[in-house]
Each structure stands twice: as structure tokens, then as C-alpha cells.
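Count along the sequence shown starting at 1, add 7, and that's the number in our numbering.
Every residue gets a Cβ at the ideal spot worked out from N, C-alpha and C, and that includes glycine.
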Amino acid sequence: MVPHVVTPVDGSPESWRGAETAIALARTVDASVTVLSIADSDGERAERLDQIARDLSLLDTSGVEIEVDVRTTGASIAAAIEEVVELFPGAAVVMASHGRGRSSALVGSVADDVLRRTFGPLLVVGPNVRGVDFTGPVIVTVDGSAESERAVPLAVALSIELGVAPWIMEVASQRSTPPPGGVESVYVARLAHEAHGASGHEVEFEEVHGQQPAVAIADEALRRNASMIVSCSHGRTGLRRLALGSVSAGFVRHAPCPVLLVREPHPAEPVHAAQGHGETH
């Protein structure tokens, strides 16, 4: 279900951690990869092409078809990603949470712009991610909202493609200890039952306990060696202009695995170009 992966790089080691994850994912799901970069001039473009070739030679690219696309444009990195994604229907975007220049500070305005422009999934590689092999379970987080629940079918489908177990998790943030008798949440049990009925695939579930949802889920991901966390990035702040909710951003900052951000399009919302080139938080 992921025929192509687009991964932007800017020359920084941080951005190449995203590319390394993109190549590993592509190998697992038999997809091709576009390594995308933006240059300010034709001269810089030639230098960037040479540098990308050298950087790729340091990675394990066996079994993966890779093309390099370096563009000279004044557009934002999100706009360039949008143009490439439109060439490959169903493509996923995989990128590091931080880079430099135009792709810096993904957990912020650039993430919002990418999520608005591309309605497909965005896999974000945060600062604590190292050496993902996509052999662990897929965790999808729910919070009682219809928006978060719409990410469940995608998480189950990805689990089937990866050949791993899907886990539906909710954080009981008001309790620091399990309920008496260790009874699991009826809510996530119901979602797991419905997902199993729709997919025919076994779906696990768990109610997680902790005061900070992002930290609690990150701890579970570490304990289970998760392949990724799937999170609907709708946020629950009431600020519709913000695509990336604070909890989703927290997953990216704390998780030991990539975070797949999913957002349904809101046609009434205008698309804005990413603001500035510096890091924002």
C-alpha cells in the first residue's frame, strides 16, 4: 500500500537519518524512493547532487530503487514535496524532525504545511530514533475522538503489510496506576474487536497509564521495540489552524521509533507556505 517514498534531505546528518529510515521502509514494503533536495542555484545543485551520491554510498541501499531529485526553486520544502508526491499517487513522505535551512524544525510550521499540502501519511523520524528495521509492532493511539479512531484502519493495514502486530493504545492520563483487577479499557477493546472484524487480522489493545501521554506511549514503544507510532495529528486545542497537535509533537520528540502523522483534509482551510528558514518551536 506504499508504492513510493519521498524523503527530503538538506545535507545535514539529521536529515539523512530520515533518508536512512525511508530506505529501510522502502526495502520492507518493496517501494521505490525519491531523495529530494532544494538548491538555490545551478552551481549549488551540481554540488548537492555530488554530495547526495556520496552520502547514499554510505548507506545500505541494496534492493531499493532510488532516484535523486535536486530542484532549484524559491518555493518551500513543503511545496516541493507536494509536487513530487503528486507524481506518485499513494506515496508516503519520510523525513527527520529537524534539519537545517528550509527543512529545519519539522515539528512546527513545516510539519503543518506538509500535512496540509499532502493528504497522505507523513512519517517523522525524531531525535531518539536509531536503526529502525520495521520488525516490531505498529502502535496506533486513540483519545476518544472520531478523528483519532480514523487512523486505526491505516495502522492495521500497515501492520499487515509489514507482517507485524497492530496495537491500539489509549492513555489513561488521570490514573498513574492500573484500575483494580487490571481490567483493560472497554473503549480500546471495542476498537480492537471492530478492527479485527473489518480486517480479519488479530488486533491487540492496551490502556496505558501515565500523566504525560507522549511519554507513556514512547515508553511502551521502547518496551515493545515498535516499528512506528500512528497518530492522528488533529490536536484537541480547538485551534483548527494547527494541524500538528501538541501530543503528536510530543510523540515525535520522545519516541524511539518513527511517528506516522495522519490528518484528514479540511477543504475550507487555506494552504500557507512555510514561514521563514530558521528553526521554530
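Secondary structure of ASP76 (DSSP, three-state): strand. For the 9 angstroms CB-CB criterion, VAL222 and ILE175 do not form a contact. Contact fails between the stretch 53-70 and the stretch 90-106, because fewer than three Cβ pairs, one in each stretch, are under 8 angstroms apart.
Per the C-alpha coordinates, the member of VAL40, SER83 and VAL36 positioned closest to ASP47 is SER83. With 16 or more other Cβ atoms from the protein chains shown falling within 10 Å of its own Cβ, PHE258 counts as buried. Boundaries for ALA256: no beta strand (DSSP E) harbours it, while the alpha helix (DSSP H) harbouring it runs 253-261, taken from the DSSP string.
Looking at the DSSP output, PHE212 shares a beta bridge with ILE175. Beta-bridge pairing by DSSP links HIS11 to SER39. Segment contact: the stretch 12-21 against the stretch 38-45, three or more CB-CB distances shorter than 8 angstroms; contact assigned.
According to the DSSP secondary-structure assignment, THR148 is paired through a beta bridge with MET176.
Between the alpha carbons of ALA26 and GLU213 lies a gap of roughly 32 angstroms. Closest in C-alpha terms to GLY151, from the list SER69, GLY81 and VAL195, comes VAL195. Linking MET102 to LEU130 through their CA atoms gives a straight-line distance of about 7 angstroms.
Collapsing the DSSP output to three states places ALA202 in a helix. Sorting GLY70, ILE45 and ASP17 by C-alpha distance to the C-alpha of ARG34 places GLY70 at the top.
Spanning the alpha carbons of LEU32 and PHE141 requires a straight line of approximately 7 angstroms. Look at VAL131 here: in three-state DSSP terms it is strand.
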